[in-house]
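Notes to accompany the following structure.
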Amino acid sequence: MAVPIMIQGTMSNAGKSLICAALCRIFSRAGLRTAPFKSQNMALNSYITDDGLEMGRAQAVQAEAAGIRPSALMNPILLKPTSDVGSQVIVNGRPRGNMRAADYFKYKKELIPDILAAYNALSAENDIIVIEGAGSPAEINLKSGDIVNMGLAELVDAPVLLVGDIDRGGVFAQLAGTLLLLDDKERARVRGTIINKFRGDVEILKPGIKMLEEITKKKNAGVVPYGDFLIDDEDSLSERLVSRREGAVDIAVVRLPHISNFTDMSAFEFADGAGIRYVSRPSELGKPDMIIIPGTKNTVSDMLWLRRSGMEAAILRRAESAVIFGICGGYQMLGKKITDGVGAESGGSVDGMGLLDIKTEFNTEKTTKRVFGRFNKLDGILSPLSGAEFSGYEIHMGNTLSNETPLCTLGGAQRGSVYGSYVHGIFDSCAQNVVSALAARKGVTLSENTFDISELKNREYDKLADIVEKSLDMDFIYKIIKGH
């Protein structure tokens, strides 16, 4: 059976996911069979496994860092918010329906057998399980019946390292305050602290670290510097959604209120000449070369938001001059009608943008599968992609009827320079070709070289692991694991 080590944080976005990914890489490089685990994840960025099951993106990334294929066992419960008060509940990779937060809070203890079965299955095949907590273990209103922080640590008898985010300020108060709000038994599980996202000279922190150790009676396991890693995020707090990357080609991604799988755009970060930014107001759209409307967990609601906010009108004004590409829910929005008569998301019916002659009707069955396809003969600016192969995955609850020319062997639609597809990850193998085609239209010549995104991601995992391994007291961490 595997030995666990658990990473908890003082808050959301403290860097738990990347610390876990780094440890997965470090342990794997040391020859230890390593797997990630998070009992309950709340995220709109999900991943489809080889067997068609849905899981959180963070654990898929951590599995890749460990050099293994992602499995739904690594994330037995996934909550995908459909509104401010409710989520779709996915257990062992399959949806169990939508629940309001209060109802799920009462129900979640019934899922403990599913959590333990998944954890034990992973434990039987590995040496170390790197467990990620969620949010903060000191949320007093959520501690009762906890199944993802200290509650899970108790269930699987895991030692804990507590991560604080110094970039957001008050890291000493974060760490000391979190420990103060834990009970004695929980506090005893915390073996040490980690200060994350530090910018500057570590020497100036030493007096504060010494005082922190004296107050908390917990060793500081290290200070991890702030890093810029091209590694997929799953959090709605991702810096990608507020940052701007300049380039010869301007790609604007519409930041929908329920945006999901924004990692579909990650490949453009590796492409020569690609500038990418996220926009949420008409005034921000400008005159991009390409507009991407991404996936969403509430298509009807987000289509209404596009209309009410003025974003739809702004996009339509650019339809003659820019490439418009819709993925999944964004593809559905490009059509004439979207109907959710079964209440799969928020229910209701809404007119789409009318840029494609398609109609979408939701049903109760969710399509989740990995796919391989080839672009058909394309019209418009992206015609250089004609015949190119790609792979990705589908994850949607709607069936779309199209009167348009299919985009690829898997369906989709195209009309001029308006394109739509259900395939997430469709740009992974062709991002450079897309950018080069957009640049050529402007008379700019860019690299025609494609890249292997898996190889580039592996370099980023090694870069992350090198920094974290150098920054942490790994002897202390191995001692925790061995002693446990």
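Residue numbers (full-length UniProt numbering): 1 to 484. Just so it is clear, CB atoms sit at the ideal spot from N, CA and C, and this is done for glycine as well. Bear in mind the structure is a predicted one, so any value in this text is a computation, not a measurement.
Spatially closest choice to residue 230 from 271, 205, 255, 441, by CA coordinates
271
Nearest CA to the CA of residue 419: which residue from 342, 78, 469, 333?
333
Report the residue from 428, 2, 182 whose alpha carbon sits nearest the alpha carbon of residue 144.
182
Just the Cα atoms here: how many angstroms apart are residue 21 and residue 477?
15 Å
With 16 as the cutoff for other CB atoms within 10 Å, does residue 398 come out buried or exposed?
buried
Since residue 446 and residue 273 are thought to touch, with beta carbons under 8 Å apart, how far apart are those beta carbons, to the nearest angstrom?
4 Å
What are the boundary residues of the beta strand (DSSP E) that residue 125 is part of?
Where residue 125 is concerned, there is no enclosing beta strand (DSSP E), given that its DSSP letter is neither H nor E.
Within 10 angstroms of its Cβ, does residue 6 collect 16 or more other Cβ (buried), or is it exposed?
buried
Can you check DSSP and say which residues form a bridge with residue 254?
279
Pairing CB atoms from the segment 28–35 with CB atoms from the segment 114–131, are three or more of them under 8 Å?
yes
Taking a contact to mean a Cβ-Cβ separation below 8 Å, would you say residue 245 touches residue 269 in this structure?
yes
Which runs of the beta strand (DSSP E) at least 3 residues long sit entirely within the segment 95–158? Give them in chain order.
128–132
Span of the alpha helix (DSSP H) holding residue 179?
171–180
For residue 342, count neighbouring C-beta atoms within 10 Å of its own C-beta (all shown protein chains included) and say buried if the count is 16 or more, exposed if not.
exposed
Check whether the Cβ atoms of residue 293 and residue 247 lie closer than 8 Å to each other.
no
Please name the residue in 250, 94, 82 whose C-alpha comes closest to that of residue 72.
94
Taking residue 90 and residue 106 to be in contact with their CB atoms under 8 Å, please state how far apart those CB atoms are, rounded to whole angstroms.
So it is not a contact: roughly 18 Å between Cβ atoms.
Candidates 133, 98, 282: closest to residue 4 by CA position:
133
Name the DSSP beta bridge partners of residue 198, please?
225
If residue 254 and residue 472 are in contact, beta carbons under 8 Å, what's the gap, nearest whole angstrom?
Contact doesn't hold; Cβ gap of about 39 Å is too wide.
Distance between beta carbons of residue 193 and residue 220, contact taken as under 8 Å
5 Å
When the Cα of residue 74 is compared with those of 146, 120, 354, which residue comes out closest?
120
Rounded straight-line distance, which links the Cα of residue 307 to that of residue 358:
18 Å
Relative to the C-alpha of residue 175, which candidate in 211, 160, 164, 185 has its C-alpha closest?
164
If we count the other Cβ atoms within 10 Å of its Cβ and call it buried at 16 or more, is residue 407 buried or exposed?
buried
Continuous alpha helix (DSSP H) assignments of at least 4 residues falling wholly in the segment 387–464
431–441
Close-in-space but distant-in-sequence residues of the same chain around residue 349 (CB under 6 Å, 5 per side omitted):
339
Looking only at its own chain, which residues have a Cβ that is under 8 Å from the Cβ of residue 469, when we skip the five neighbours before and after it?
22, 26
How would you write the range of the alpha helix (DSSP H) that residue 312 sits in, first residue to last?
311–317
Cβ distance (whole Å) where residue 323 is taken to contact residue 381 below 8 Å
5 Å
Which of helix, strand or coil DSSP assigns to residue 231:
coil
Within 10 angstroms of the Cβ of residue 372, are there 16 or more other Cβ atoms? Answer buried if so, exposed if not.
exposed
Taking the alpha-carbon of residue 450 as reference, which of 335, 388, 149 has the nearest alpha-carbon?
388
So residue 424 packs on residue 295, CB below 8 Å; how close in whole Å?
7 Å
Going by other Cβ atoms of all chains shown within 10 Å of its Cβ, with 16 needed for buried, is residue 363 buried or exposed?
exposed
Reducing DSSP to helix, strand and coil, say where residue 378 ends up.
coil
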